Amino acid sequence: MKNNEFTISINDDKNLLLQVYAEQIFNLVEGKIINQNEQQPFLKGKQLCEFLGISWGTFLKLKKQGLPTIVLNTGSSGMELYSKESVMNWILEQEVRA
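At position 65 of the sequence shown (counting the first as 1) the number is 65 in UniProt numbering, and the numbers step up by one without a gap.
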């Protein structure tokens, strides 16, 4: 084989196509989830963590500090929801001015 020649087997092509398709599907699904969260005015705890880009531990600390929470009574237990608008306003109120 000469220096400027190369070969690609059919298996390599199939694997490459599978990888490209898998990445495209992943990106579509990930985008759909992100878009759904952007359109929802209320989020559950884990969704709020993703929206704010914070860990679950930080979320729990913010709750102790008074993070605005909506509790819906759903029978035996309550479901907690978080208004994105209220949370963002609350975070801005926490701003420390130097």
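Glycine included, each C-beta is placed from N, C-alpha and C at the ideal position.
These numbers were taken from a predicted model, which means no experiment stands behind them.
For residue i, the three-state DSSP class (helix, strand or coil)
i	result
residue 83	strand
residue 53	coil
residue 67	coil
Length of the line joining the Cα atoms of residue i and residue j
i	j	result
residue 53	residue 63	15 Å
residue 85	residue 41	7 Å
residue 57	residue 14	43 Å
residue 75	residue 81	16 Å
residue 60	residue 45	9 Å
residue 93	residue 47	22 Å
residue 91	residue 16	45 Å
residue 73	residue 22	41 Å
Cβ-Cβ distance between residue i and residue j below 7 Å
i	j	result
residue 78	residue 87	no
In DSSP terms, what residue i is bridged to
i	result
residue 73	78
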